[in-house]
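In our numbering, the protein residues as written are 13 to 405. These notes are about the structure you will find just below.
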Ligand SMILES: Cc1ncc(COP(=O)(O)O)c(C=O)c1O
């Protein structure tokens with residue numbers, strides 16, 4: 013009989029030539045357990061997705077309760093379903109007035125697709141601008157605005173009129189013109205290893221968008237729901253987007269995304285033509301109750317307020333001559349090493365030592381630390397010791 017690993021490799025489409033093949037039995041809190049009962053401290057959280065840790069009863073109870081009521085009843089946008097409207101209302105309560113209307117999707121990439129369409133519909137303009145080295149998803153629209161040609165070349169032709177600015181390069185903002193429907197930007201650039209904005213870059217982008225009548229789309233798929241210590245990343249940078257895209261952590265382990273804008277803009281998807289953007293499962297009630305439970309819990313506790321303290325703990329316990337720098341913000345941190353071999357070795361050896369770390373899409377010399385926001389101080393210190401132990405060896 014084939015081993016599970018072999019079945020996985022043979023019958024599941026593979027995206028990476030060397031997957032870790034960790035065989036999962038269960039996950040709870042900050043730990044994932046393999047089928048042999050070995051515990052792994054999770055410094056990745058399903059790539060910034062498991063906001064409240066694994067199998068948090070707050071999420072599982074909400075899901076179980078909803079499962080007993082109903083699951084899918086109709087395509088998105090037809091029936092009034094309390095998981096959806098309660099989540100949309102609570103999001104609106106915690107966002108600026110101009111971001112009061114939510115369209116739920118199944119994923120981050122779909123949120124980006126919807127936002128791109130809405131911007132074109134609203135402005136009648138052809139061009140979408142994104143940043144060099146940005147990642148916004150793998151569907152064809154999102155891929156068209158990905159800022160890395162190596163990942164795009166074999167999938168061309170993609171969307172026309174997708175152009176770029178350079179993250180943190182204010183001079184490149186001249187590329188945003190009256191032809192530009194929208195600029196899509198991450199508050200912290202993910203694929204390059206959590207590069208943070210400098211010299212008021214995001215504010216300058218906002219300014220240029222306002223000058224040219226271009227819509228600003230913030231891709232907060234990775235930064236939303238408290239990862240930077242504020243509910244949304246844009247709050248840290250005094251910038252209000254015209255369209256906000258969220259996903260990943262908003263479901264605390266369940267698959268949901270959303271694009272959010274003003275009611276007036278969203279209303280453009282309702283007419284001429286009708287059904288301007290449709291989805292069967294977007295805003296699935298099971299995922300909406302998970303997201304609502306997560307949001308209510310974040311708002312009712314001091315989890316977000318503790319993010320800055322936890323960031324400092326990481327920074328304090330990760331000083332080592334072989335760590336060349338720590339980038340990022342909040343619980344979205346990246347460790348920079350002097351070469352790719354060392355970064356790879358740290359990830360591989362950590363796994364052997366019961367600590368999960370992970371890579372970035374575009375930089376090979378850095379590794380990501382994005383644990384559940386509920387990680388404890390002791391767990392942070394324990395994981396940092398494992399990393400330093402490997403560097404010493
Ligand atoms: C910044 C950013 N945008 C968009 C996406 C795409 O989200 P999804 O994988 O849910 O489609 C990701 C996923 O990694 C992301 O990090």
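Even glycine gets a Cβ: it sits at the ideal position worked out from N, Cα and C.
Quiz prompt | Closest by C-alpha distance to residue 29, when choosing among 283, 77, 173 and 20 | solution = 20
Self-check item: Check whether residue 213 and residue 180 have beta carbons under 7 Å apart
Solution: yes
Self-check item: Residue closest to residue 399, alpha-carbon to alpha-carbon, out of 272, 31 and 54
Solution: Looking from the CA of residue 399, the closest CA among 272, 31 and 54 belongs to 54.
Quiz item: So, helix, strand or coil for residue 198, using DSSP?
Solution: coil
Exercise. Starting from the C-beta of residue 267, find all residues in its chain whose C-beta is less than 7 Å away, skip the five residues before and the five after it, and write them out in chain order.
Key: 118, 119 and 299
Quiz prompt | Per-residue burial, residue 243 [other beta carbons within 10 Å of its own, 16 or more giving buried] | solution = So residue 243 counts as buried.
Practice problem: For residue 299, name the three-state secondary structure that DSSP assigns. | Solution: helix
Quiz item: Candidates 130, 312, 24 and 250: which alpha carbon is nearest residue 284's?
Solution: 130
Quiz item: Taking DSSP as the reference, what is the three-state secondary structure of residue 126?
Solution: helix
Self-check item: Proximity below 7 Å, CB of residue 325 to CB of residue 389
Solution: yes
Quiz item: Mind checking whether the beta-carbon of residue 302 lies closer than 6 Å to any heavy atom of ligand 2?
Solution: Although ligand 2 was asked about, the structure shown includes only ligand 1 as ligands.
Quiz item: Between which two residues does the alpha helix (DSSP H) carrying residue 276 extend?
Solution: 275-278
Quiz item: If residue 297 and residue 95 are in contact, beta carbons under 8 Å, what's the gap, nearest whole angstrom?
Solution: 4 Å
Exercise. Please list the segments of the alpha helix (DSSP H) lying wholly inside the region 204-248, counting only runs of 4 or more residues, in order along the chain.
Key: With a minimum length of 4 residues, the unbroken runs of alpha helix (DSSP H) contained wholly in the region 204-248 fall at 213-224.
Quiz prompt | Nearest to residue 42 (by Cα), restricted to the options 386, 17 and 396 | solution = 386
Exercise. Check the C-beta distance from residue 1 over to residue 141 and give it rounded, since I have them as a contact under 8 Å.
Key: Residue 1 cannot be examined here, being either before or after the span of the chain that is shown, 13 to 405.
Practice problem: With a cut-off of 8 Å on the beta carbons, I'd call residue 64 and residue 303 a contact; round off their distance for me. | Solution: Going by Cβ atoms, the distance from residue 64 to residue 303 rounds to 11 Å, so no, they are not a contact pair.
Quiz prompt | Segment limits, alpha helix (DSSP H) that includes residue 326 | solution = 319-329
Quiz item: Leaving out five residues before and five after residue 280 in sequence, what residues of the same chain have Cβ atoms less than 8 Å from its Cβ?
Solution: 130, 133, 134 and 288
Quiz prompt | Secondary structure of residue 345, DSSP reduced to three states | solution = strand
Quiz item: Going by C-alpha distance, which of 345, 262 and 397 is nearest residue 310?
Solution: 262
Practice problem: Could you have a look at residue 106 and say whether DSSP puts it in helix, strand or coil? | Solution: coil
Quiz item: What distance in whole Å lies between the Cβ atoms of residue 336 and residue 318, which are believed to be in contact at a cut-off of 8 Å?
Solution: Contact flag wrong, Cβ pair sits at about 27 Å.
Practice problem: Answer with buried or exposed for residue 122, where buried requires no fewer than 16 other C-beta atoms within 10 angstroms of its C-beta. | Solution: buried
Exercise. Verify the contact flag: residue 245, CB atom, against every heavy atom of ligand 1, threshold strictly below 6 Å.
Key: no
Exercise. With DSSP as the reference, label residue 28 as helix, strand or coil.
Key: coil
Quiz prompt | Residue burial classification, residue 14 (beta-carbon count within 10 angstroms, cutoff 16) | solution = exposed
Quiz item: In its own chain, which residues sit with a C-beta less than 8 Å from the C-beta of residue 314, not counting the 5 before and 5 after it?
Solution: none
Exercise. Please confirm whether any heavy atom of ligand 1 lies closer than 6 Å to the CB of residue 238.
Key: no
Practice problem: Please report how far the alpha carbon of residue 183 lies from the alpha carbon of residue 250, in whole angstroms. | Solution: 21 Å
Practice problem: Would you list, in sequence order, the uninterrupted alpha helix (DSSP H) runs of no fewer than 4 residues that lie entirely inside the region 125-184? | Solution: If we require 4 residues or more, the alpha helix (DSSP H) runs fully inside the region 125-184 come out as 152-156 and 161-164.
Quiz item: Is the region 101-110 touching the region 208-227 in the sense that three or more CB pairs, one from each, lie closer than 8 Å?
Solution: no
Quiz item: For ligand 1, is there a heavy atom less than 6 Å away from the beta-carbon of residue 268?
Solution: no
Quiz item: From residue 290 to residue 306, what does the alpha carbon distance come to, in whole angstroms?
Solution: 26 Å
Practice problem: Answer yes or no: do residue 346 and residue 397 have a C-beta to C-beta separation smaller than 7 Å? | Solution: Contact: no.
Quiz item: If you draw a straight line from the C-alpha of residue 226 to the C-alpha of residue 277, how long is it?
Solution: Here the alpha carbons of residue 277 and residue 226 stand approximately 13 Å from one another.
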